[in-house]
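Engineer: Chains as they are written, first to last, in the numbering used here: chain A, 5 to 273; chain B, 853 to 1127.
All C-beta atoms in this analysis are idealised placements derived from N, C-alpha and C, irrespective of residue type, glycine included.
Take a look at the following structure, please.
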C-alpha cells in the first residue's frame, strides 16, 4: 500500500459552466483513491454518481478540472508524444455497452488488429496469429475473427472487448460496467474470464459497477461513490461486512437477496 | 444475402434505375445516338413539326430538336455530377471537422454554413453567377456551393452520433490518430445518408442548371441545354410548342428517374424498412 500503482489525487470534474453560464455540474468532486499493483478496485454507486467520469479521467480521455492522476508514478496529464503512446498501450478500457463498443462495419479481426497497427507491433502474419490465439484465450474460436459485431451475442462481444483490451499487454485495465448489459448467467461467465485474465496478467484494475454482488466478487478494495463524492473506501470484505457509512449500508440493504448474491459468489469461486 | 428480393417494393426504384441508366447512356453516346449534330441547320425545315426526318420537329433555325435535347443531356449530367460531388465532398469535410473537433471550429464553420443557407438557392446561384461570370463551369461551381451547407449539416449530425459511440472512445484509448479515427471509424458509418442526399442533390442540380440556362446564365447558345432550349422555344409556343415541350419532358423524366433512385437508396439504407 505504501507504493500504489494508480493514484487518484483529489480529482474533480465540472461539466458546463463558464464565465457567463453559472457554476456548471460537478460530476466528480475531490476524489482520492489508490490502487496497489495487481489489485482490483471496485467502484460502486448509483447512476450519475460520477464513477464512469472518474474512469474516463483515469483513461486520459477526459481532462480533470482539478487534481491529478498518477499511474506508475507519472502524472498522466503531463504525457506527450512517445510517453503518451506508451501510456495508451499500458492503459486500456472495457466498455459497458457491447452494442456500441465496436465499429459495425469492421470484422472482429480488423477491430483486434487496429491496436497492433497503431502501435506498429508485429508483421501482418504475426498479428493474425496473435488475434487467433487471443480469441482462443477468451473462449472464442478463430472462426469468430471473420464475423461482424452484430453476428455475435452480448457475451461474445464482451469477450472480444476483453481481448481488445489485453492485446497490447497492458498493465492497467479500466472496466466500465462490463457485465451490466448481459444476462445473469452470461455475466457470471464473463466475470470469471475477467478475473482469470486479471490474475494471469497481473493487471491493476478499476472495475466500475452498480451491482454490489459483481463488485464483491472481483474487488480487493471497494470505493463507494455518491453524487460525485467518495463516500467510503476500504478493503472489500470490510466494506461489505462492516460498512462505516449509512449510504453504503443502504446500498447493501438494497440488494434484493444478499444471501443469494453471496451464494452465487461461492458457486463461481 | 441469398434472400428473395421483394420486387414490388423496389418496382419504382427499378423504373428510376432504368431511366437513369438510359439518360446516362444517351449522354455518353450522344454523337452515336443523335440523328443530327446539335448545331446542324436544315434551313428548308424551320419550325417543322415532327416528321420522319425530324422525329421531334425542328426549331426556329431548322435544328433537330431531338438531337439538341440529346446533346443537352451531356451538359445536364456534367453539371449535376460535378455540383453534387462538390457539395458532397466539401460539405462532408466541413461537417465532419466541425463535429469531430467541436468548440470554436464548429461554431465558426456552422455559422458560416447558416449564412450560406439563409439565401434562397436560386438567388444565391444567380448572385454567384453574376460574380463569377456565365459559363457551364461556373454553373457547376455555383450549384455545388449551394449544396455545401446541406451536406455539412447532415455530415455534422451523423458524425456527432458516431462520436457518442464507444468504438470511437476505444479508438482514442488505443492512441489512434485523428485522421485514422475519421477514416476508419467515422466515415464508413456516416456515408450512407450522405449518398442518399447526393442522389437527391443530383436531381435538384439538374433542375437548377436548367433554371440557370433558362435565365441565360448557364450553357450559352448556340450550345444546347434543356434550359436554354425551353427559353428560346418560349417565343414559339403557339406555332412550335415542341421546341419547349421536348426539353421540358426530358427534365421531368430525368429528375423523376433520379428521385426514384434516391428514394430507393434511402429505403435500402434505412434499417427500419428492412424486411
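(1) Have a look at residue 1127 of chain B and residue 858 of chain B and give me their C-alpha separation to the nearest angstrom.
(2) Which complete alpha helix (DSSP H) runs does the region 180-224 of chain A hold, if anything under 4 residues is left out?
(3) Could you tell me whether any Cβ in chain B is nearer than 9 Å to the Cβ of residue 106 of chain A?
(4) Along chain A, in chain order, which residues have C-beta atoms closer than 9 Å to that of residue 954 of chain B?
(5) Under 9 Å, Cβ to Cβ, is there at least one residue of chain B near residue 5 of chain A?
(6) With distance defined between alpha-carbon atoms, name the residue in A:163, A:57, A:29, A:200 nearest to residue 182 of chain A.
(7) Report the three-state DSSP secondary structure of residue 953 of chain B (helix, strand or coil).
(8) Based on the DSSP secondary-structure assignment, which residues constitute the bridge partners of residue 916 of chain B?
(9) What would DSSP say about residue 72 of chain A, mapped onto helix, strand or coil?
(10) What residues from the region 994-1016 of chain B come within 7 Å of chain A, judged by C-beta to C-beta, listed N to C?
(11) For a contact meaning CB atoms closer than 8 Å, what does residue 1044 of chain B contact in chain A?
(12) Count the other CB atoms within 10 Å of the CB of residue 853 of chain B; is the residue buried (16 or more) or exposed (fewer)?
(13) How about residue 1026 of chain B: is its C-beta nearer than 9 Å to some C-beta of chain A?
(14) Could you give the residue range of the alpha helix (DSSP H) that holds residue 1098 of chain B?
(15) Are the C-beta atoms of residue 854 of chain B and some chain A residue less than 9 Å apart?
(16) So the beta strand (DSSP E) residue 12 of chain A belongs to, where does it begin and stop?
(17) In its own chain, which residues sit with a C-beta less than 6 Å from the C-beta of residue 1057 of chain B, not counting the 5 before and 5 after it?
(18) Determine the DSSP secondary structure at residue 1161 of chain B, reduced to helix, strand or coil.
(19) When you compare the CB positions of residue 185 of chain A and residue 102 of chain A, do they come within less than 9 Å of one another, or not?
(20) Flag this pair as yes or no: are the beta carbons of residue 928 of chain B and residue 879 of chain B separated by less than 9 Å?
(21) Under a Cβ-count criterion, where at least 16 other Cβ atoms within 10 Å of its own Cβ denotes burial, should residue 1106 of chain B be classed as buried or exposed?
(22) Alpha carbon to alpha carbon, how far is residue 972 of chain B from residue 100 of chain A?
(23) Return the first residue and the last residue of the alpha helix (DSSP H) that residue 860 of chain B is part of.
(24) Give me the DSSP bridge partner(s) of residue 30 of chain A.
(25) Using a Cβ cut-off of 9 Å (strictly closer), state whether residue 1041 of chain B contacts chain A.
(26) Can you tell me which residues form a DSSP beta bridge with residue 45 of chain A?
(27) According to DSSP, is residue 7 of chain A helix, strand or coil?
(28) Run through chain B and tell me which residues come within less than 8 Å of residue 99 of chain A, C-beta to C-beta.
(29) Taking buried to mean at least 16 other C-beta atoms within 10 Å of its own C-beta, is residue 883 of chain B buried or exposed?
(30) Which residues bound the alpha helix (DSSP H) around residue 249 of chain A?
(31) For a test of the three-state rule: what should DSSP assign to residue 854 of chain B, helix, strand or coil?
(32) Could you tell me whether the region 1051-1071 of chain B touches the region 974-994 of chain B, where touching means 3 or more Cβ pairs closer than 8 Å?
(33) If we define contact as Cβ-Cβ less than 9 Å, is residue 1036 of chain B a contact residue for chain A?
(34) Leaving aside the five residues before and after residue 992 of chain B along the sequence, list all residues of the same chain whose C-beta is less than 6 Å from its C-beta, in chain order.
Structural biologist: Per the coordinate set shown:
(1) With a pLDDT of 47 at residue 1127 of chain B, under the threshold of 50, the modelled position of that residue is not reliable, and the figure given next carries that caveat. Answer to the nearest angstrom: the Cα atoms are 9 Å apart.
(2) 188-205, 216-222
(3) yes
(4) Ordered by position in chain A, no residue passes the 9 Å Cβ test against residue 954 of chain B, which lies about 14 Å from the chain.
(5) Legend: pLDDT at residue 5 of chain A = 47, less than 50; position of this residue unreliable, no value from coordinates given.
(6) Measuring C-alpha to C-alpha distances from residue 182 of chain A to each of A:163, A:57, A:29, A:200 identifies A:163 as the nearest.
(7) helix
(8) B:910
(9) strand
(10) From the region 994-1016 of chain B, no residue has a Cβ closer than 7 Å to chain A.
(11) Correct list: empty, because the minimum Cβ distance to chain A is about 10 Å.
(12) Reliability of the predicted coordinates at residue 853 of chain B is poor, the pLDDT of 47 falling under 50, and no value is obtained from them.
(13) Residue 1026 of chain B counts as touching chain A.
(14) 1094-1121
(15) Because the pLDDT of residue 854 of chain B is 49, which lies under 50, any placement of that residue in the model is unreliable, and the question is left without a value.
(16) 10-19
(17) If the five residues before and after residue 1057 of chain B are omitted, its C-beta is found closer than 6 Å to the C-beta atoms of 932, 935, 936, 995, all from its own chain and listed in chain order.
(18) Examination of residue 1161 of chain B is not possible in this model, given that chain B is present from 853 through 1127 alone.
(19) yes
(20) At a Cβ-Cβ threshold of 9 Å, residue 928 of chain B and residue 879 of chain B count as neighbours.
(21) buried
(22) Cα to Cα, the separation comes out at about 46 Å.
(23) 859-880
(24) A:18
(25) yes
(26) A:210, A:225
(27) coil
(28) 1018, 1021, 1022
(29) Note on residue 883 of chain B: under 16 other CB atoms within 10 angstroms of its CB, so exposed under the neighbour-count rule.
(30) No alpha helix (DSSP H) holds residue 249 of chain A; DSSP gives it neither H nor E.
(31) Here residue 854 of chain B scores only 49 on pLDDT, less than 50, and its place in the model should not be relied on; the value that follows carries that caveat. If DSSP states are grouped into helix, strand and coil, residue 854 of chain B belongs with coil.
(32) yes
(33) yes
(34) 931, 934, 935
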